[in-house]
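Engineer: Final position of the sequence shown in numbering that gives the first Met the number 0 is 94; the numbers increase by one with none missing. C-beta atoms are modelled at their ideal positions from N, C-alpha and C, and glycine is treated no differently. Structure in structure tokens, see below.
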Amino acid sequence: MSDTPKWESLNLRISAETRSLIDRAAAAKSLTRTEFILGAARAAAEDTLHESSLLHASPEAFTAFCAALDAPPSPNEHLVRLMSRVPAWAQRNAQ
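Below you can see the structure in the form of structure tokens.
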């Protein structure tokens, strides 16, 4: 099997003004238009996914969250039943 990545095409429609702006920015970084666009798009995608995985809370909410972690609930019937279930991801991996 080859380690060469499989490339796919992506077609975009942009205004002449935007294309000119991208070309000037790419040239300023000594990159091709494609390299510049791919780098910028990938960085924006990674930033977006990273930001969506963060939990934002006010200081009061964070204090309440920490207090809840420090004082877990006592076991009850529902909690015992829930914790004894095999998670869906484990069931899929066992098949």
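Skipping 5 residues on each side, what residues in its chain have a beta carbon closer than 8 Å to that of I13?
Structural biologist: So the list reads I21, once near-sequence residues are dropped.
Engineer: For K28, which residues of its own chain have a beta-carbon under 7 Å away from its beta-carbon, when the five flanking residues on both sides are left out?
Structural biologist: Same-chain partners within the cutoff: F35.
Engineer: Nearest chain D C-beta to W6 closer than 7 Å, yes or no?
Structural biologist: Absent here is chain D; the protein component of the structure consists of one chain.
Engineer: Could you check where the alpha helix (DSSP H) with P70 kicks off and where it finishes?
Structural biologist: Checking the sequence, you will find Ala at residue 70 rather than Pro. No alpha helix (DSSP H) holds A70; DSSP gives it neither H nor E.
Engineer: Put P58 into one of helix, strand or coil per three-state DSSP.
Structural biologist: Note: P58 maps to helix in three-state DSSP.
Engineer: Could you tell me the distance, in whole angstroms, from the CA atom of C65 to the CA atom of G38?
Structural biologist: Approximately 39 Å between the Cα atoms of the pair.
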